[in-house]
Each structure stands twice: as structure tokens, then as C-alpha cells.
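Written out below as C-alpha cells is the structure these notes cover.
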Amino acid sequence: MTSSRRKLVAGNWKMNGLTASMAELVEMCDANPSNCDVLVCPPFPLIGRFVGSAGNSHIEIGAQDCHTAESGAHTGDVSAALLKDVGASAVIVGHSERRADHGESSALIKAKAEAAHANGLTAIVCIGETEAQRDAGNAETLVTAQMRESLPSGATAANTVVAYEPVWAIGTGRTPTTEQIAAMHSALRAALVADLGDEGNGIRLLYGGSVKPNNAAEIFAIDDVDGGLIGGASLKAADFLGIVNAA
Ligand code: PEP
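Heads up, the sequence shown is in the working numbering, so the first residue is 679 and it goes up one at a time.
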């Protein structure tokens, strides 16, 4: 995927979609938006078909998780090597649903991102605070620390994207204020630059959590918001394209 802070809109289909959902992807590819980078991350079994269907469009296909190992006795898991082999270009790691449902730690997420890099995939590293953590008043400190623990060694603008997703905003229809998003993204950018110098300036910072066609433009206009990670609104081509067009 390209960078130099070109906006990226990534769709996370989660455990949604069947083979018939290919029709939505076809509609997205027919529109073939080129105003920003666009990534669609369907469930594992659909990745190969989606790659074929995306063909020569600008839309890239990614995954929602990977294992840390190249191969082996890990029933039900999928390696970054296989994702690359079937044509994925990126993988989301550390989504809050995986942190919660599968007890994934930041150390594990860092290792997954490193496995992604070793196989030529862009790692989209997710971080974000719970509502209780925000109410406690230290969201920026906490999420910055979570980012530092989750970021792979050797992170560059070309191989790593960070997605700030407040857990309380995911799938709830609630979003932080513009000021809250701006404050978080500015704190994350400062930490990236402090740790990685100029490379940290190029790493894209996505916002995720209840982004819809009607609020996308306002969110994407915030300083240091380099696009979005979209859940529910990425399932339907009309909604997703509405968000992509706002980038
Ligand atoms: C997500 O799960 O990454 C997400 C942002 O979901 P939604 O857009 O549905 O809030």
C-alpha cells in the first residue's frame, strides 16, 4: 500500500458476509475509487475470491488477523505467509474484539505484526481505550502506551498503519468529539515521531468507531486523521463508497 500519508479507508467485515456478499465488493470495484487507498478485509475463506474479484481495480484485500508462526500445529489459525500467498496485502492485528474475545496481549499483537512484515504484508495495528478508561481521564497516556507495546520493531510508514478505535465507539453509533479525536491523534503522532523520527511522521493514523457516510468528512478533516477503519458501514457498497468519497 502507498503512504506519505495518503488517506486510507479500510473496511473490516468481521464475521459477516457469505459468498453472495461478493456482489457488494463487485459494486465497490466497479466504482473503483482512486481518491485514496481502499482496503476490504473479509473473513478468511472469502479472501482468495475477493482478491480475484478486485482484479485490476484500486481496491486491495486484507485479513483480520494472523498467527505469529509461519506454519505448524495451530488448529484453526492462519499464517501471514498464506495470507500473502492468496493475495492479501495487509492484515489487521489487535482489534479490540480479538483482544477481548481471545485475550490477545499487546506483546502478542506486536509479534503478529512482525510476522505480517516478514511476509510482506502491511500491519494495521489497532489500539483504543474502554469507556471506563476514558472516564478515568487518562485515555491519551494509556493508548499511547498501548501503541508503544503493540508496534512491531522495524515499523515504517510503508509497512505499518495505526488504527485508533475507542472501544466504546465501536458498533455503538457513538463517536468521540472532534476535540477528543484530535487530542488522541496528536498524542499518538508525537509518540511516533519521538520514537521513530521522520518515519513516525509518515505512519498513517486511522480513526475507527461508528464512522458513517454522514460523519466521515468531518472526522477525516481532523489533523493527523489519515483515514478510517470502518466496521458496519463497510458491508454495503453504497455506505462504504460514501465514506471513501469523503476521504
Ligand atoms: C471496527 O470494528 O473496526 C469498527 C470501527 O466498527 P464500526 O465502524 O461498526 O463501529
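Quick reminder that beta carbons are idealized off the backbone N, C-alpha and C, glycines included. Being a predicted model, the structure only gives us computed values, none of them experimental.
Grab the span of the alpha helix (DSSP H) containing residue i for me, first residue to last.
i: L870; result: 856 to 874
i: L786; result: 784 to 796
i: T822; result: 817 to 828
i: I921; result: 915 to 923
i: I848; result: Looking at the DSSP string, I848 is not in any alpha helix (DSSP H), and its letter there is neither H nor E.
Please report the straight-line C-alpha distance between residue i and residue j, rounded to a whole angstrom.
i: N816; j: Q824; result: 12 angstroms
i: A794; j: F722; result: 15 angstroms
i: I739; j: S828; result: 23 angstroms
i: D743; j: A814; result: 30 angstroms
i: T623; j: A741; result: Since the first residue of the chain shown is 679 and the last is 925, residue 623 is not available in this structure.
i: V840; j: A732; result: 24 angstroms
i: G754; j: E748; result: 14 angstroms
i: D873; j: K788; result: 16 angstroms
i: S735; j: V716; result: 10 angstroms
i: A796; j: I737; result: 23 angstroms
Can you tell me where the beta strand (DSSP E) with residue i in it begins and where it stops?
i: G906; result: 905 to 908
i: V840; result: 838 to 842
i: V771; result: 768 to 771
i: L883; result: 882 to 886
Spatial neighbours of residue i within its chain, please: CB distance less than 6 angstroms, with the 5 preceding and 5 following residues excluded, ordered by chain position.
i: G920; result: P891
i: A865; result: E818, T822
i: A709; result: L919
Leaving out five residues before and five after residue i in sequence, what residues of the same chain have Cβ atoms less than 7 angstroms from its Cβ?
i: E807; result: A817, L820, V821, P844, V845
- Task: Would you list, in sequence order, the uninterrupted alpha helix (DSSP H) runs of no fewer than 4 residues that lie entirely inside the region 686 to 758?
- Result: 700 to 709, 725 to 732, all fully within the region 686 to 758.
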